[in-house]
Amino acid sequence: MASTMYRLPRNTICAACYEGAKAIIAFFNDDEHGDDDQGSLKSRGLTKLNTAPKGLRDAWEEVKQMRCREEETKQRVSFLQEGFPAVWKDGIHTDIAVRPGTGPPVQAHKAILAARSEVFRHILAGDDDCKAPAGDSLSLPELTHDELSHFLAFLYTGALTAFTEERHLHALLVAGDKYDVPFLRRACEARLAAWVEAGNVLRTLEVAELSSSTALKGRPMGTVVEHAEQVVFSPEYEEFAAGKLWEVLDRRPTAEPTPKQLQAADLVAHTAARCLRFDWKERPAMSDVVANLQAALELVRADE
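Quick note, the sequence shown lines up with residues 1 to 304 if you use UniProt numbering.
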């Protein structure tokens, strides 16, 4: 059966091409409306909104304008990125030493730190709520020298390098949360979410919790569900589950664990030991594992 044909004067166009052309024109019409709503550079008094359908020639003109805007944006980004990283790497007019927990300090500029982070702005201003730095130094003891270098590089460039390791991304995500750098948080979340797999899903969940990153928890949770058997029967899971339980117990006001707390810990340890048996036939079913962990959690909650 031949496809339906739309026969216009002096032209013949198939249904797929016709619908595609309509979609392109509609897209550019919507783009023009968006520019007007967001405050386009065009004068409203000189530009009259044309509500009539546009042709492919007008659509092509819109494509060329979009290319020009894209090129201008690239040039602007390049202009901004070339200056700041260069003066930082060359140590030109640096005025503060940022000290990591380990390793030598890294020189930086107070103005850049204050511009990128609201927390640094208050610290450098010597606000009462923040501890002012002693002299011309600032201490970030939770970061190593390499992690601090990656952190400062992002403040100057606004980009993560392609060679940034997973462990550095974990530290950067926590630092972005602590020092209020939202763009760094989003960049780390996107990179870590793209790297999630069964082998690192527990580490990703842990850093998501440390940084209060709800955006990062969705992908790892889906990976846990998809690869539940591989994750639960891994050595990392035993350490992860036991660590989380004792973390809860450590927050208890009592110095000695109660009988219910000890019972919960024994239940988790017994379940983990069964999961790690060499013979797969002797390992418990997933439903039994989940039931045991839920029972342990109920024991801890009942003691609150």
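No residue lacks a Cβ here, since even glycine has one placed at the ideal position from N, Cα and C. What you are looking at is a predicted structure, and each value in this text was computed from that prediction instead of being measured.
Residue i versus residue j - alpha carbon distance
{"i": "CYS17", "j": "MET66", "result": "22 Å"}
{"i": "GLY20", "j": "LEU160", "result": "37 Å"}
{"i": "ALA115", "j": "ARG121", "result": "7 Å"}
{"i": "HIS170", "j": "GLN75", "result": "31 Å"}
{"i": "residue 313", "j": "ALA111", "result": "What the structure shows of the chain is the stretch from 1 to 304, and residue 313 is not part of that stretch, so it cannot be assessed."}
{"i": "SER149", "j": "ALA26", "result": "47 Å"}
{"i": "VAL87", "j": "ASP95", "result": "12 Å"}
{"i": "ALA214", "j": "ALA208", "result": "A small correction: the amino acid at residue 214 is Thr; Ala does not occupy that position in the sequence shown. Distance between the alpha carbons of THR214 and ALA208 is about 7 Å."}
{"i": "VAL106", "j": "GLU229", "result": "45 Å"}
{"i": "ASP177", "j": "GLU61", "result": "44 Å"}
{"i": "LEU41", "j": "ARG186", "result": "The predicted model places LEU41 with a pLDDT of 41, which falls under 50 and marks its position as unreliable; any figure quoted below should be read in that light. If you take the alpha carbons of LEU41 and ARG186, they lie about 30 Å apart."}
{"i": "ALA162", "j": "ALA198", "result": "22 Å"}
{"i": "SER234", "j": "VAL77", "result": "45 Å"}
{"i": "VAL181", "j": "LEU124", "result": "16 Å"}
{"i": "ARG191", "j": "MET221", "result": "16 Å"}
{"i": "HIS227", "j": "ALA193", "result": "16 Å"}
{"i": "GLU82", "j": "GLU70", "result": "18 Å"}
{"i": "ARG219", "j": "GLU147", "result": "25 Å"}
{"i": "VAL225", "j": "LYS22", "result": "42 Å"}
{"i": "LYS64", "j": "ARG57", "result": "11 Å"}
{"i": "LEU205", "j": "CYS68", "result": "42 Å"}
{"i": "SER43", "j": "LEU113", "result": "Confidence at SER43 is low in this model, with a pLDDT of 41, below 50, so its placement is unreliable and no value can be given for it."}
{"i": "SER212", "j": "PHE79", "result": "34 Å"}
Sheet register partners of residue i (DSSP bridge)
{"i": "ARG99", "result": "SER139"}
{"i": "VAL106", "result": "VAL98"}
{"i": "THR144", "result": "THR102"}
Same chain only: Cβ atoms within 7 Å of residue i, ignoring 5 sequence neighbours per side
{"i": "PHE151", "result": "LEU143, LEU172 and ALA175"}
{"i": "GLU179", "result": "The residue asked about is misnamed: residue 179 is Tyr in this sequence, not Glu. Cβ neighbours of TYR179 beyond the five flanking positions: SER117, VAL119 and PHE120."}
{"i": "ASN50", "result": "Annotation note: pLDDT 47 at ASN50 (below 50); position unreliable, coordinate value reported separately. Around ASN50: no qualifying Cβ."}
{"i": "HIS145", "result": "PRO100, THR102, GLY103 and PRO104"}
{"i": "VAL98", "result": "PRO105, VAL106, ALA108, LEU138, LEU140, LEU148 and LEU152"}
{"i": "ASP136", "result": "ASP95, ILE96 and ALA97"}
{"i": "ASN200", "result": "GLU166"}
Contact under 8 Å by Cβ, residue i with residue j
{"i": "LEU138", "j": "PRO100", "result": "no"}
{"i": "VAL231", "j": "LEU202", "result": "yes"}
{"i": "LEU210", "j": "GLU189", "result": "no"}
{"i": "ALA59", "j": "ILE92", "result": "no"}
{"i": "ASN196", "j": "THR223", "result": "Here residue 196 is Val; the residue named in the question, Asn, does not match the sequence. Closer than 8 Å, so yes."}
Cut-off 8 Å between Cβ atoms - residues of its own chain near residue i, not counting five sequence neighbours on either side
{"i": "PRO85", "result": "ALA153, TYR156 and THR157"}
{"i": "ARG167", "result": "none"}
{"i": "ARG251", "result": "Only weak support is given to the placement of ARG251: the predicted model assigns it a pLDDT of 47, under 50, and the value that follows is read from those uncertain coordinates. For ARG251, where only same-chain residues beyond five positions count, there are no Cβ hits under 8 Å."}
Contact set for residue i: own chain, Cβ-Cβ below 6 Å, skip 5 residues either direction
{"i": "THR73", "result": "none"}
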